[in-house]
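Heads up, the thing below is written out as structure tokens.
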Amino acid sequence: MSTINFGGLASGMDTGSIVDALMEIEKQPLERLESDKEYFTSRQDAFDTLETKLKTLLGKFEDLDSSGEVRAYSASAVSDEYFSVSASGSALGGSYNIEVQSLARQQKDVSDGSYESRSEANFTTGTLTIGTTDITIDNDSLDSLVDKINAANTGDSATGVAASIIQDGSGYRMILTGEDASSTFSASVSGGTTANGYAALTFSTTQTQSQASIVVDGVTITGGSNTFEEAIPGVSITLNKVHPNAGDTTVMNVSEDVDAVKTKVKDMVTAYNAVINYISDQKDSDWGRDSGMMAVKRNLQKMLTSQIATGGDLTTLSQLGLETQRDGTITIDNTLLEEAITTDMNIMDKLLAGGEGFDGISSLFTEYLDSTTDRVDGLAATRQTSTDRTLKTINANISKMETRLEKREEMLRAQFDAMELLISNLNSTGSYLTQQLSLFNS
């Protein structure tokens, strides 16, 4: 409800400004609470930001905490006309001669008849059997029967056969396709009746299945798809085309990818420096002196100098060219790093990823960082719990104080309005008396 203020009309005083000034004094405790709220919110934001950077660093060390991840290989064929290749960190360097003898083909069966409509109920009753799975036909259209066939190709008892529809120019036909070139399937309809004058549903095989076959350095390998994942350890081979002549081969080379390994190490260093720089940037703030935040920097620097019994010449990160600066960040000596990759990759692998019976430096970091960023017991999580309690109390006090101040302001304005009204009445009474005295004297 709106209120009417007299604003010093009777007294000549600026009562509105007086109330505003009084309320500024009254609001000082509220301003302190709002300042506290801003502080604790900024404090938690700082820990949340640190956690984000720590998680990024965790991901970079996870990319280096197993042998297959530390190593990086590249695979290439002299020509990708017949096959394309890619390599993982578990590959072995070498040169291979590969012949593509045949491509994998799945069995395809096509319905013998064609149908004018996909959606009309052309099949009234019967049972479609694929392998050992029976599918009931009950006033189905091509579309609904295809849906039933594909539904049967799910779960633990999947038929291994997918259905689709094509338009052959004169009508619609159903195609059944085996999902594995290693096996065949059978499809038949029993007790089938049709509507709209169509013949019973039957299928003919238009493409027989055949396995893919390659020859690697004289050894023949077959498979149910055109991609071979295990023919050569750590190398994926995808077939594109059969060699035209028996005995023709294409050379594939697998070699250490020095640049890829360097990139992984550099990415880790970048993430590490981001954490150290961020903590250093907080040093002038109250939370920058938090024991937990200071411990993170201290522990990271300690682990960085860990010595690992690799059984070789590389036992510390400094021997990879990673040097700690006075501000706690790391720089990389690219010459030392590349030398370690090209001449001592096996020992570098053990230094970072560990070996039988011992952890590598990356494993030490991942274990610590995983604990530090834990959603329940991690640094940011524990600070969040205490901060939430504090902010809850502050917000409650702010709400109470805002209500009290609102009532206080209403009371002050009402008091000043009452004063103005009283003065106005007194002024009116004085004017009346003055007028009466003037009449009496005359």
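0 is the number of the first residue of the sequence shown in numbering that gives the first Met the number 0; add one for each residue after it. Just so you know, even glycine gets a beta-carbon here, dropped at the ideal spot from N, CA and C.
From what residue to what residue does the alpha helix (DSSP H) around asparagine 276 run?
257 to 280
For threonine 32 versus asparagine 424, is the C-beta spacing smaller than 7 Å?
According to the sequence shown, residue 32 is leucine rather than threonine. It is not a contact, given that the beta carbons lie outside the stated cut-off.
Taking the alpha-carbon positions, what's the serine 1 to isoleucine 393 distance?
Legend: pLDDT at serine 1 = 45, less than 50; position of this residue unreliable, value from coordinates given subsequently. Looking at the two C-alpha atoms, the distance is approximately 31 Å.
Rounded to whole angstroms, what is the Cα-Cα separation between asparagine 138 and isoleucine 165?
21 Å
Under a three-way DSSP split, which group does glutamate 15 fall into?
In the sequence on display, residue 15 carries glycine and not glutamate. The answer is helix: DSSP assigns glycine 15 an H, G or I state.
Strictly by DSSP, which residues pair up with arginine 104?
Ser209
In the DSSP output, which residue or residues are listed as bridge partners for asparagine 152?
Asparagine 152 is not bridged to any residue.
Does DSSP put valine 295 in a helix, in a strand, or in coil?
helix
Note down, in chain order, each residue of its chain lying with its Cβ closer than 8 Å to the Cβ of glycine 67, except the 5 sequence neighbours on either side.
Ser87, Gly88, Ser89 and Gly233
Taking a contact to mean a Cβ-Cβ separation below 7 Å, would you say isoleucine 307 touches leucine 350 in this structure?
yes
Please tell me whether glycine 377 and threonine 371 are closer than 7 Å, where the distance is taken between their beta carbons.
yes
Alpha helix (DSSP H) runs contained entirely in the stretch 33 to 83, provided each spans 4 or more residues:
66 to 69
Just to confirm, is the Cβ distance from glycine 92 to valine 295 under 7 Å?
no
State whether the stretch 50 to 63 contacts the stretch 270 to 280, with contact taken as three or more CB pairs (one from each stretch) at a distance under 8 Å.
yes
Are the stretch 124 to 144 and the stretch 170 to 187 in contact at 8 Å, needing three or more beta carbon pairs?
yes
Please classify asparagine 195: is it buried, with 16 or more other beta-carbons within 10 angstroms of its beta-carbon, or exposed?
exposed
Could you tell me whether the Cβ atoms of threonine 211 and leucine 102 are closer together than 7 Å?
Looking at the sequence shown, residue 211 is not threonine but alanine. Yes.
Buried/exposed call for leucine 436, threshold 16 Cβ in 10 Å
exposed
Apply the 10 Å Cβ neighbour rule to arginine 288 and answer buried if 16 or more other Cβ atoms are within range, or exposed otherwise.
exposed
Could you pull out every residue in the same chain whose Cβ sits closer than 7 Å to the Cβ of glutamate 80, ignoring the five residues on either side in sequence?
Asn239 and Lys240
Through-space distance from serine 362 to glycine 353, alpha-carbon basis:
7 Å
Which residue comes first and which comes last in the beta strand (DSSP E) that contains threonine 135?
132 to 139
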